[in-house]
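Asker: Please read through the structure below; I'll follow up with questions.
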Amino acid sequence: MIQVISGTNRPGSRSRVLSDLIANLYRTEGEACEVLDLCELPWAELNGSYYDQPKPESLRSQIEKVNRADGLVLVVAEYNGSFPGALKHFIDHWEYPKSFEFRPVSFVGLGGRFGGLRAVEHLQQVFGYRNAFIYPERLFIQNIWNVLKEDGLEDALVNELLLKQVKGFASFIRALRVEKLDCNSRQASPEKG
Ligand SMILES: Cc1cc2nc3c(=O)[nH]c(=O)nc-3n(C[C@H](O)[C@H](O)[C@H](O)COP(=O)(O)O)c2cc1C
Numbered sequence: 079m080i081q082v083i084s085g086t087n088r089p090g091s092r093s094r095v096l097s098d099l100i101a102n103l104y105r106t107e108g109e110a111c112e113v114l115d116l117c118e119l120p121w122a123e124l125n126g127s128y129y130d131q132p133k134p135e136s137l138r139s140q141i142e143k144v145n146r147a148d149g150l151v152l153v154v155a156e157y158n159g160s161f162p163g164a165l166k167h168f169i170d171h172w173e174y175p176k177s178f179e180f181r182p183v184s185f186v187g188l189g190g191r192f193g194g195l196r197a198v199e200h201l202q203q204v205f206g207y208r209n210a211f212i213y214p215e216r217l218f219i220q221n222i223w224n225v226l227k228e229d230g231l232e233d234a235l236v237n238e239l240l241l242k243q244v245k246g247f248a249s250f251i252r253a254l255r256v257e258k259l260d261c262n263s264r265q266a267s268p269e270k271g
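Per the working numbering: the sequence shown = residues 79 to 271.
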């Protein structure tokens with residue numbers, strides 16, 4: 079299962095609309111795919127008590143989705159020159175190494191003039207530090223408000239690059255799995271890790 083993480087808890091966010099669209103593209107490619115929406119996290123309970131303590135079931139089930147994912151697609155908007163704090167707060171509750179290490183991760187940025195470049199690059203530092211398999215072809219959608227419309231992404235080049243990323247990331251995941259290099263294969267057969 080590929081998890082597309084809609085990287086903000088802003089109600090009505092463009093990240094969520096884009097995440098749904100991306101998830102459909104993966105499904106069209108024959109990949110099982112879900113959207114993990116940060117709006118669905120139990121924010122009222124995320125008061126700091128659960129960093130290294132047993133987590134409430136509603137949070138644990140979302141982290142389990144990450145831990146079981148064959149790949150993560152991070153849809154990340156630029157907020158004040160970085161990625162949204164809500165996303166970092168969620169990530170800081172994940173389990174290391176299980177949630178991160180050798181997990182294939184792909185990035186789609188959205189924002190103004192720079193298309194979420196800073197947001198994605200800051201997030202790449204986090205996943206690079208935590209030993210994820212970062213898919214190298216990132217996508218940046220500039221001036222998202224001009225591109226994302228009711229009927230989808232109204233930019234031929236963006237659509238082309240997105241489809242290329244979807245196909246490429248799906249085959250990146252498959253290639254790692256064939257060699258049993260990805261997180262889930264290693265966890266299933268630790269002696270090969
Ligand atoms: C709190 C906040 C901060 C933002 N800061 C930036 C920024 O630094 N650079 C930028 O290009 N766009 C910035 N934007 C614009 C967003 O990237 C754009 O509105 C995008 O759609 C937000 O994603 P969302 O709709 O998923 O919340 C900001 C938006 C919000 C809500």
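Ideal placement from N, C-alpha and C gives every residue a C-beta, glycine not left out. Bear in mind the structure is a predicted one, so any value in this text is a computation, not a measurement.
#1: Short check: CB of Arg196 to CB of Gln220, under 8 angstroms?
#2: Can you find a CB in chain B that lies within less than 8 angstroms of the CB of Arg181?
#3: With a threshold of 7 angstroms (Cβ to nearest heavy atom), would Arg255 be considered close to ligand 1?
#4: Go to Gly118, then tell me how far its alpha helix (DSSP H) extends in each direction, as first and last residue.
#5: Could you check the C-alpha separation between Tyr174 and Asn262 for me, to the nearest Å?
#6: Taking Cβ to Cβ, would you say Ile100 is nearer than 8 angstroms to Val154?
#7: Whose C-alpha, out of Pro162, His167 and His171, is nearest the C-alpha of Glu135?
#8: What are the partner residues of Tyr213, as DSSP defines its beta bridges?
#9: Checking 8 angstroms against the spacing of the C-beta atoms, do Ser139 and Asp115 come in under that value?
#10: Would you tell me roughly how many angstroms separate the C-alpha atoms of Val186 and Leu259, rounded to the nearest one?
#11: I want to check one thing, is the minimum distance from the CB of Arg191 to the heavy atoms of ligand 1 below 7 angstroms?
#12: If we ignore side chains and look at the alpha-carbon of each, how far apart do Asn237 and Leu119 end up?
#13: Let me check understanding here. Comparing Cα to Cα, which of Leu254, Asp130 and Arg255 lies closest to Phe168?
#14: In chain order, what residues of the same chain have a beta carbon less than 8 angstroms from the beta carbon of Arg255, not counting five sequence neighbours either side?
#15: Measure the alpha-carbon distance for Leu188 versus Glu215 and round it to whole angstroms.
#16: Spatial neighbours of Lys242 within its chain, please: C-beta separation below 8 angstroms, excluding the five flanking residues on both sides.
#17: Between the Cα of Pro268 and those of Lys176, Ile212, Arg252 and Gly246, spot the shortest distance and give me the residue it belongs to.
#18: Tell me whether Phe165 sits in a helix, a strand or coil according to DSSP, three-state version.
#19: Going by Cα to Cα distance, which pick from Phe247, Gly90 and Leu103 is closest to Leu231?
Answerer: This is what the structure gives:
#1: In this structure, Arg196 keeps its C-beta atom at 8 angstroms or more from the C-beta atom of Gln220.
#2: Within the model displayed, chain B is absent; a lone protein chain is all it includes.
#3: no
#4: In the sequence on display, residue 118 carries Glu and not Gly. Here Glu118 belongs to no alpha helix (DSSP H), and DSSP marks it neither H nor E.
#5: 14 angstroms
#6: Contact check for Ile100 against Val154 fails: the beta carbons are separated by 8 angstroms or more.
#7: His171
#8: None; Tyr213 has no bridge partner.
#9: no
#10: 24 angstroms
#11: yes
#12: 30 angstroms
#13: Minimum Cα-Cα distance from Phe168 among the listed residues Leu254, Asp130 and Arg255 corresponds to Asp130.
#14: Excluding its 5 nearest sequence neighbours in each direction, Arg255 has C-beta neighbours in its own chain below 8 angstroms: Asp148, Asn262 and Ser263, listed in chain order.
#15: So the two alpha carbons sit approximately 15 angstroms from each other.
#16: Glu215
#17: Comparing Cα-Cα distances from Pro268 to each of Lys176, Ile212, Arg252 and Gly246, the minimum goes to Lys176.
#18: Checking the sequence, you will find Leu at residue 165 rather than Phe. Looking at Leu165 - three-state DSSP - the assignment turns out to be helix.
#19: Comparing Cα positions, the closest option is Leu103.
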